[in-house]
Every structure is written in structure tokens, then in C-alpha cells.
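In terms of the UniProt record's numbering, the sequence shown is residues 1 to 371.
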Amino acid sequence: MAGRSVGSQRRSVSGTPLPPRGQQPAASRRDLFAREEEYKRLNAELQAKTADLVRQAEEVIRDQQEVQSRPVSTQIKSYEKEEDYSLSGLLSEGIVHLHSETKPKTKNVDAVNKIQNKRHSANKGRRANSSIKLKYPDVHVANDVAIPEDFSDFSLAKTISKIEGQLEEEGIPDYIDDDIFCGISNDIGTEAQNRFLKAKLRVMQEELDNVVYECNKKENEIQNLKSQIKNFEEDCMRQQRTINLQQSQTEKYKTLFEELNKKCDGLQQQLSSAEKELESKRRLQKQAATSQSATEVRLNRALEEAEKYKLELSKSRQNNKKSCLLQAAIIGTELFLKCLKCVRHEHHYKLSKLHLFSNAKKTTKILYFRI
């Protein structure tokens, strides 16, 4: 409201036409300064109020977080204290009602209404606490709480069956000293007793429902944990199988690696022997090439000498055509040339044969290495 009034005042101030600066009187200036001071004061008050509201909201949020962060055991204790307080209030109201039974019925009706209102308020508080419990089911008890060893196998059906078995074996006692109305006079009316017993029955029923809910919750947690344990065991078995398979595969790969290393060593030995043979063949080929070049040089010299002898014979024929000796020499030189040609052809044949043999060996080695 203050903000709206300030805004309306600002609009009115901004909307009012101002006189020119030269004609503004001193009073209007004072009014403007006063309004400005008032606006500043209102602004400071609004800021203080907003800061106070923010602080209160933070305190409320902090209190709510503290309540939520409390463990369930403390909440249950506070709930039990409230319940005891409400029951004590009910009992006190019942005693008052008993002492006032001699009064008129209107007062009795007022007392009954008071008891019902108290019980209704207690039930409301109990429902609120149970709604708090159900609203925050994820709140866990502290880790250092002592849990019995037999609680892992606890179930409500087992406990009920055990109690029924004990009752069947021992039998129900004839007289049960049920001190329900302790602290209350024995002159209480039947209607008040019925109301009190109904209220106590509702409380016990709600407590039993809470206990059953907690037991079912714990049983569900136990079942979930058992299923998780089974899943973990199955995962462990699967991982163990995979580990065994991987170990067998690694053993196989090790044996294959050793075999391949042995084969590689054998192939390296074969390669070294083949290289040695190739070197020896190269040496032989070089020797054959050198011998061939030497024989070619000799043959060329012999041919040159034969040509010289031919020229000399032709000259001698021209000079001495009649001499038989020269003819015989010519015939001999011709025969000698024929022999030299035959030797040369044979030498070329042998060299070609050697070349063919070496080429064939090379091709066989290349094919062997490719295979």
C-alpha cells in the first residue's frame, strides 16, 4: 500500500504542470524538497520492511530445513511426546467430566464436546506427523543406530504366527489385569469409558498401521537388497567367465606367438642360406664374365692376326702366284680361321647356356620367396 501511494504521489507530482524556472516561488521549491525528503523516508522504510521480510523468510526456510534434516527417530520422539500430552489432556478432561457428572446435562454435553475437540486436535496432530513421515520417506536413520542381528529376517507375518502359536500352546488366561484406566477414578461412566477406549483404539490402530508400514518398507528394502546381491553375484559369475575365457584366449595367443616366432626363425635361416647361395652365384657369374671378356680379347687379337696373315698372303699371292707353298699356307690359314670361328661359336654357346641356367635359378628363388 505504501508503494502504491508513493507511486500515485510520484505520478501526481510528475503529472502536475510546473511553472517556468524563472517564476518558481521559494514556497514551491520548499514543497518539492519536502516531498523529496518524504519520498526518501518512505523509500528507506520500504527497504527496511523488505529486509525484515527477507530475514523472516530466511529464518522460516532455515527452520524448515532443520526440521527436514532431523532423523526419523527424533521426529517419532516428538510425535510420541505430543501424543502423550494429548492423551494426558484427554484423561484430565475425562476426570473433570467424571467429577462433574452430578451437574446438569448441559455441562456434561460441554465436557463431552471438549473431549471430542481435544481428541480431534490430537488426531489432527497425529495425521500431520504421519503425513510428515510419508512426505519425507527418503529420510534415513543415522548409520550408528544399533540394529539387531535377527532384524534381517524380520517379517510381520512371522511374528504374528509366532504369537498365535504361543497363544495356542499356553492358552488365553481367564483373567487379564488390564490396567487401562490407571489414574482415573472407578466411577467413570460407560459412555466416557467407551469414548476413551475408542480413542485409545484409534491411536493403537494408527500406531499399528505405522509399524506395519515401516515393516513393509523394511521388507521391501530387504527384498531390494537381496535382488541387488543376486544381481551382483550374477555379475561376478559373468565377469569370472569372461576372465576365464580371456585367460584361455591369452594362452592360445601365447602358443600361436611362440609358433610364429619359431617359423620366423626358420624363415630367417632359409633367407640367410639363400643370400649366401646368391652371393656365390654372383661371384661365379662375375668370374664367367671376366673369362668371357678375356677370351673375346684373345679372339679379337687372333682375328686381327688372321687378317694380317690374309693381307700378307694376298700380297704374297700377288707376288708369287706360282708358288705352292703359298697356297698351302693360305689353305692352312683358312683352316685355322675356320677352327677359330668354331671355337668362338662354341664359347658363345656355353656362355648363353650359363646365362640361361642362372636366370632359371633366379626365377625359381623369386617364386619360392613369393610363396
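C-beta atoms are modelled at their ideal positions from N, C-alpha and C, and glycine is treated no differently.
Gly189 - DSSP class collapsed to helix/strand/coil:
Against the sequence shown, residue 189 aligns to sequence position 189. DSSP places Gly189 in coil when its eight states are reduced to three.
So Leu313 packs on Thr333, CB below 8 Å; how close in whole Å?
Translated into positions along the sequence shown, residue 313 becomes position 313. Translated into positions along the sequence shown, residue 333 becomes position 333. Taking 8 Å as the upper bound for CB-CB distance, Leu313 and Thr333 are in contact here, some 6 Å apart.
Would you call the segment 253-269 and the segment 333-353 touching, i.e. three or more CB-CB distances under 8 Å?
Of all C-beta pairs linking the segment 253-269 to the segment 333-353, fewer than three are shorter than 8 Å, placing the two stretches out of contact.
Looking only at C-alpha atoms, which of Met204, Val60 and His355 sits nearest to Gly282?
Reading the sequence shown from its first residue, position 282 is the one you call residue 282. Sequence inspection shows Arg at residue 282; the Gly mentioned does not correspond to that position. Among Met204, Val60 and His355, the Cα nearest to that of Arg282 belongs to His355.
Considering only C-alpha positions, which residue in the set Ile243, Gln269, Glu277 and Gln249 is nearest to Asp362?
Sequence index remark: in the sequence shown, residue 362 carries index 362 (1-based). Per the sequence presented here, residue 362 reads as Lys, with Asp not at that position. Distances from the CA of Lys362 to each of Ile243, Gln269, Glu277 and Gln249 were compared; the closest alpha carbon is that of Glu277.
Taking only the alpha-carbon atoms, compute the straight-line gap between Leu256 and Thr250 and give it to the nearest angstrom.
Working through the sequence shown from its first residue, we reach residue 256 at position 256. Working through the sequence shown from its first residue, we reach residue 250 at position 250. Distance from the CA of Leu256 to the CA of Thr250, rounded to the nearest whole angstrom, comes to 10 Å.
Neighbour-count burial assignment, Glu357, 16 or more Cβ in a 10 Å radius:
Translated into the one-based positions of the sequence shown, residue 357 becomes position 357. Correcting the residue type first, residue 357 is Phe in the shown sequence and not Glu. Counting the other Cβ atoms within 10 Å of the Cβ of Phe357 gives fewer than 16, which makes it exposed.
Buried or exposed for Ala48, going by 16 or more other Cβ atoms inside 10 Å?
Within the sequence shown, residue 48 is the residue found at index 48, counting from 1. With fewer than 16 Cβ atoms within 10 Å of its Cβ, Ala48 is classed as exposed.
To which residues of the same chain is Tyr309 closer than 7 Å at the C-beta, ignoring the five residues directly before and after it?
For the purposes of this step, residue 309 is taken as residue 309 along the sequence shown, with counting starting at 1. So the list reads Thr333, once near-sequence residues are dropped.
So, are the CB atoms of Ala306 and Leu337 less than 7 Å apart?
In the sequence shown, counting from the first residue as 1, residue 306 sits at position 306. In the sequence shown, counting from the first residue as 1, residue 337 sits at position 337. Taking C-beta atoms as the reference points, Ala306 and Leu337 count as a pair closer than 7 Å.
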